[in-house]
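Residue numbers (my numbering): 103 to 390.
Remarks on the structure that follows.
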């Protein structure tokens, strides 16, 4: 996707002049303006998105170049383009300049890595998102594909491994607790082995995590209790589970009637603050 928008790297200094109408900024960027333009300025401009060209449209552009190429070379150009006619025309020009002919072999010899992947831009976030969501859906093939894309594009393998460690608890959790063990082992392997061999460790881990059953109950419970902790602040901890290192504290009721292993069948005092007493945060499928 391409964007036409007022300037690529915007500074606050432009904002008052745009607001007053003293200047009109018009520009283009191949990056997502959400990452490249400050929010106040972005809210005051119109953004026009230019989508990738289709293979049919790219093929017509190749025809206009008036060159005789094989079907294999044409297919290679279509795959190489990523929907960008400039990529095709630049590759054709460079290939002819270097080899004096256009064929599959000369195109492949000229081509640089064609994966668009900016670690601070949209494609970075799109790819890692697709990677995580593929594992979440149990699609091992798609997860492996996005793994390969990130590695081929030069992503830090430790970043990928860290996301896998998070995924093991966030999405798999109690359904298969060994997932966290495997994810941590993969992270350690990536640290000690390094690329390119560490790609094998990552592929092993991705296959395991994608295949595992999923259970977000621990993650959901954590989000819920975190929201209440931030909402209510330091609620008073029930006396019976407070620490009682001194006689005065014991007289005040600290630790009174505390049971180390309370009888689940009988009635027991809540371990939560009074305001949250009886509240259920942790729920698994089938829990009432």
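Beta carbons are placed, not taken as given, at the ideal position from N, Cα and C, and that holds for glycine.
Should residue i go down as buried or exposed, given a rule of 16 or more other Cβ atoms within 10 Å for buried?
i           : result
residue 299 : exposed
residue 303 : buried
residue 166 : exposed
residue 215 : Unreliable positioning characterises residue 215 in this predicted model, as indicated by a pLDDT of 44, which lies under 50. The coordinate reading is nonetheless provided below. By the neighbour-count rule (16 or more Cβ atoms within 10 Å), residue 215 is not buried but exposed.
residue 123 : exposed
residue 170 : exposed
residue 248 : buried
residue 236 : buried
residue 111 : Because residue 111 sits at a pLDDT of 43, beneath the cut-off of 50, its placement in the model cannot be relied upon, and the point is left open.
residue 318 : buried
residue 328 : exposed
residue 280 : exposed
residue 274 : buried
residue 162 : exposed
residue 403 : The question about residue 403 has no answer, for the chain in this structure spans 103 to 390.
residue 139 : buried
Give the straight-line distance between the Cα atoms of residue i and residue j, rounded to the nearest whole angstrom.
i           : j           : result
residue 312 : residue 232 : 13 Å
residue 270 : residue 357 : 37 Å
residue 379 : residue 354 : 21 Å
residue 322 : residue 383 : 8 Å
residue 184 : residue 156 : 9 Å
residue 278 : residue 284 : 11 Å
residue 257 : residue 359 : 56 Å
residue 241 : residue 345 : 49 Å
residue 295 : residue 287 : 12 Å
residue 259 : residue 272 : 20 Å
residue 128 : residue 143 : 12 Å
residue 331 : residue 342 : 20 Å
residue 381 : residue 226 : 40 Å
residue 351 : residue 244 : 59 Å
residue 310 : residue 150 : 42 Å
residue 135 : residue 118 : 19 Å
residue 204 : residue 158 : 20 Å
residue 202 : residue 255 : 29 Å
residue 213 : residue 168 : 20 Å
residue 154 : residue 115 : 33 Å
residue 195 : residue 141 : 39 Å
Given a cut-off of 8 Å, decide if residue j and residue i are closer than it, judged by their beta-carbon atoms.
i           : j           : result
residue 229 : residue 251 : yes
residue 375 : residue 337 : yes
residue 289 : residue 308 : no
residue 160 : residue 130 : no
residue 77  : residue 189 : Any question about residue 77 goes unanswered here, given that the chain covers just 103 to 390.
residue 320 : residue 276 : yes
residue 172 : residue 206 : yes
residue 347 : residue 373 : no
residue 164 : residue 152 : no
residue 314 : residue 292 : no
residue 301 : residue 234 : no
For residue i and residue j, which I take to be in contact (beta-carbon distance under 8 Å), what is that distance rounded to the nearest angstrom?
i           : j           : result
residue 191 : residue 209 : Contact doesn't hold; Cβ gap of about 13 Å is too wide.
residue 146 : residue 126 : The Cβ separation is near 11 Å, so there is no contact.
residue 238 : residue 316 : 7 Å
residue 324 : residue 377 : Actually they are not in contact, since the Cβ atoms of residue 324 and residue 377 sit about 19 Å apart, beyond 8 Å.
residue 393 : residue 362 : Limits of the chain in this structure are 103 at one end and 390 at the other, which puts residue 393 out of reach.
Just checking residue i against the ligand SAH - is the residue's beta carbon closer than 7 Å to any of the ligand's heavy atoms?
i           : result
residue 186 : Among the ligands in the structure shown, none appear at all, so the ligand SAH cannot be discussed.
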